[in-house]
Structures are given as structure tokens and as C-alpha cells.
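Novice: Take this structure first; my questions come after.
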Amino acid sequence: MRRPGVTPVLASAAALLLVAGCSSDDIGTGPSLGRSPSTSGPAKTGPGGDPSSSGKPSSSPSAPAAPSKGTAKVVRTLTTKLDSPWGLAPLPDGNLLVSSRDTGKIFEVDAESGKKTEVGSVPGVSPGGEGGLLGLAVSPDYGANPMVYAYFTTASDNRIARMSYDDKRPAGSQLGAPDTIFKGIPKGALHNGGRIAFGPDKMLYVGTGDSGERGLAQDQDSLGGKILRMTPEGEPAHGNPEADSVVYSYGHRNVQGLAWDIDKRLWASELGQDTWDELNLIRPGKNYGWPEAEGKAGEKGFVDPVEQWKPKEASPSGIAYAKGSIWMAALRGERLWRIPLDGTRAAGKPQSFLVGKYGRLRSVVATDDGGLWVTTSNTDGRGKPGKEDDRILRLKIS
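Below, the structure written as C-alpha cells:
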């Protein structure tokens, strides 16, 4: 039976302006349906959410195993004095969009000069705790349809809106009126998830948290503690485990990182509680265990993580795939982790870089030339801001 007011919607800007929100992140310490009115049967889907390739991710990789050891070096600081940066999304020209969790503003940062330009604010953002303006993504057909997608907390929920983006307009007014494509994701002071990304199939993937209500992660009629997969319009994507649902995988505590490897397999980072943080290989329709299991439990019916860490060494947020490895930002752990891959397995033990040097790390984005952009997260209420506050770093990796 459908619960009211929580299915994907296309709403007017005026409706969005009427909402406000609250919410918080990291250190690991009303339910809503994800279904639409369509009612066809279950459909199989490929590992990247691509309906054209059904079945599980192959254990035989098309790429060679990554070396067990790699390197990571900061080669420049692109910009400083950011305020509670959270989402980070590259534009086709190489510049970066960055969201400010606590102010609700979006900035464009020039990838050469580091100049910051405020492009606009997202109406209805209500920051609090771990909530506010979180993940960003740009439309996969940005050249023909320049749209920016934002995941944010309101007074009543977490939701996703898209806005046109015109950099020819004056600074501060380059975003068009927001169009809410999806709402009803549970919010809380903690565990709001927030990462969004378009996959190789051009569908929008969304990491959500359990909002502090553990039972939501196992409730398949709730959007909390899930990875969601939807069309750019916010409808259930063709090939989802259930045709009328956006739920792609469940049993998650707080997903804040999404990335695809060269073979289009989806990987996700997940904040644990007191025992284990996780890097998971995501398979459609599978149960990742929370709150019944945390880390490599080996319990029937649950998928174990590929790698796990103690929260004091990780509390992971954003991830990226580059040079055959997953690169994972750590908040409480104040470091960057490299996890070399051999298909669906780790090719060696995780390596850590930048330990304690830049404080908490939030987002990681791969560059076209094989490097990384990394943002710090020291102005989020849990870090120790320095004289330069938060920054974007450019890294050379191998």
C-alpha cells in the first residue's frame, strides 16, 4: 500500500520554495516508498545498472590487476577558504562545481586559476547536523542540456532537484528555478547519505542513509539506507530489481561514495558504526546487512564488503576510480585510501596517504589526465579549521 507524499515527483519551483530542512555525518557512531505506479515484474540488470548486460559482475576483469603499491602526491592547492564543502562535480570544460553544505550555495571553481564564482543558491535547503546541501552531479548530456542536480535536506526530508545552468548570466544568478525530481528520502540529524552520480548507463544513482533509524535499511519500502537508481526525471530506471521501485540495493547504514570501475561495476563507501567501515561492490537487489551485520560477517543472505576499516582510520565519504584503484576520502581518519583492484577483488592491502596532513577529507574526483581532485572537510563542525579553512587539492597518483 502506497504511503502518501513520498513518490518521485516533478514539482514547480514555487513548491520547492515553500520547504525548508534540517539534518548531520560521519564518525560512525517517516519511511517512504520508492515505488511508482507502474507494476511490471522484476527485471534483471547488469552490474553498472545497465539493463543490456544482465547477471553479476564478472570475476574475470578486462583490465589487468592494479599494482599492489601506488603513490599519491599533492601537486597544488587549487583554492582555499571554502565553507563546509560537500559535493564536487566536474564540468565538461574541466572546471569544478562545489556545494556548501551549511550555506546552500554552489560555486564554480576555475581549474586553472582557482577563482571561485558563486553561481547561485538552492532554495529550501535547511542545514543542521549532517544535513544541508550535499551531493552534486551534472547531466550526462550537459552539452545539449546543461543541468545541475543537487541532493539536499529540507525541513521534512532529503530530496533531489535539478536546475539549468547558464554561466553567461551574472554571478550569483546562473542557476535556473529548481525542479524537484524526487523527494521523501528520510532525514535526520545524522546519516543523510547524500552522494549522487550518473552512471555509465546515464541513470542517476543516489546514496542514502538510515537517518538514525536502523530498521529503515532493511525495510525495502523505505528509501533510507539504500542505493537508489532512477532516470534523470526521477522515475524508477528500466532494469531495476523491481520495475516499479527506485531501490537498487539495501541494508546500508550511510552511503557517501559512489564510483564505477573500467568494467562499469559500481562501488560504494559506507560509514559503519563502532566496528567496521566498508567498501562494497554493489550488485542489484542485494542486501548489505545493516543493522544485522557490520563488516565481513560471513552471514547467509548478506553481501560482505570487499574491504573494511576501523572507523578511527576511515569514516569514509567520497570515492573515485583511477589508475586501476578505488581512492577513498576519510573523514575521521584524515587520510586518503588507495584500494588496488583485481576485477571484483582487492589486488593488495589498502594504502593510506596524506595521514593527518590536511585534516578531514570529503570528496574525490578523477581528472581526465589520471589525477585526482580532493576536498577537505574541516569546517563541518567536526574538524579543526586552519588559517586557510577548507580547500581543493590536486593530486598526482600512480
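Residue numbers for the sequence shown follow the working numbering, beginning at 553 and rising by one. For each residue, glycine too, the CB sits at the ideal point set by N, CA and C.
(1) Leaving out the 5 sequence neighbours to the left and right, which residues in its chain are closer than 7 Å to G847 when beta-carbon positions are compared?
(2) Count the other CB atoms within 10 Å of the CB of N493; is the residue buried (16 or more) or exposed (fewer)?
(3) In the DSSP assignment, find the beta strand (DSSP E) that holds L823 and state where it starts and stops.
(4) Output the distance between the C-alpha atoms of G761 and G746, rounded to the nearest integer angstrom.
(5) How would you label P599, buried or exposed, when you count the other beta carbons within 10 angstroms and need 16 or more for buried?
(6) Got a sec, what are the start and stop residues for the beta strand (DSSP E) N832 sits in?
(7) Any idea what DSSP makes of N792, helix, strand or coil?
(8) Could you pull the start and end residues of the beta strand (DSSP E) that A872 belongs to?
(9) Within 10 angstroms of its Cβ, does A882 collect 16 or more other Cβ (buried), or is it exposed?
(10) Taking the straight line between their C-alpha atoms, what separation do you get for G791 and K936?
(11) With distances taken between CB atoms, is the gap from T631 to I944 smaller than 9 Å?
(12) How is the beta strand (DSSP E) around S877 delimited, first residue to last?
(13) When DSSP labels each residue in this structure, what does P863 get in the three-state scheme?
(14) Report buried or exposed for D693, applying the criterion of at least 16 other Cβ atoms within 10 angstroms of its Cβ.
(15) Who are the Cβ neighbours of P784 in its own chain at under 7 Å, not counting the five residues just before and after it?
(16) With a CB to CB cut of under 7 Å and the five nearest residues on each side skipped, what residues in its chain are close to D654?
(17) Identify the continuous beta strand (DSSP E) that holds N710 and give its terminal residues.
(18) Between which two residues does the beta strand (DSSP E) carrying E765 extend?
(19) Tell me, which residues are paired with M699 by DSSP?
(20) Exposed or buried, which one is P722 when buried takes at least 16 other CB atoms within 10 Å?
(21) Contact check, L913 vs E886 under 8 Å by CB: the rounded distance?
(22) Once the 5 residues before and after T927 are set aside, which same chain residues still bring their CB inside 6 Å of it?
(23) Run the proximity test for N832: is its beta-carbon closer than 8 Å to any non-hydrogen atom belonging to the ligand SAH?
(24) By the 10 Å Cβ neighbour count, where 16 or more other Cβ atoms means buried, how is P836 classified, buried or exposed?
(25) Does DSSP put T931 in a helix, a strand or coil?
(26) Assign K939 to one of three DSSP states: helix, strand, or coil.
(27) Taking the beta strand (DSSP E) that K633 falls in, what are its first and last residues?
(28) With 16 other CB atoms within 10 Å as the buried threshold, where does V627 fall?
(29) Using the three-state DSSP reduction, which class does N806 fall into: helix, strand or coil?
(30) Going by CA-CA distance only, name the one from W812, V907, G656, P843 that's closest to L893.
(31) Which residue comes first and which comes last in the beta strand (DSSP E) that contains W638?
(32) What three-state label does DSSP hand P892 in the structure shown?
(33) Measure the Cβ-Cβ separation of N806 and N744 and say whether it is below 9 Å.
Specialist: This is what the structure holds:
(1) G824, T827, W828, E830, P857, Q860
(2) Given that the chain is displayed from residue 553 to residue 950, the structure contains no residue 493 and the question cannot be resolved.
(3) First-last for L823: undefined, no H or E at that position.
(4) 8 Å
(5) Unreliable positioning characterises P599 in this predicted model, as indicated by a pLDDT of 39, which lies under 50. The coordinate reading is nonetheless provided below. Burial call: buried.
(6) 829-834
(7) coil
(8) 868-874
(9) buried
(10) 45 Å
(11) yes
(12) 877-882
(13) helix
(14) exposed
(15) S691, L756
(16) D635, S636, P679, G684
(17) 710-716
(18) Premise fails: E765 is in no beta strand (DSSP E) and is neither H nor E.
(19) S716
(20) exposed
(21) 7 Å
(22) P637, L640, R914, S915, I944
(23) The ligand SAH is absent from the structure shown, which contains no ligand whatsoever.
(24) buried
(25) coil
(26) coil
(27) 624-634
(28) exposed
(29) strand
(30) W812
(31) 637-642
(32) strand
(33) yes
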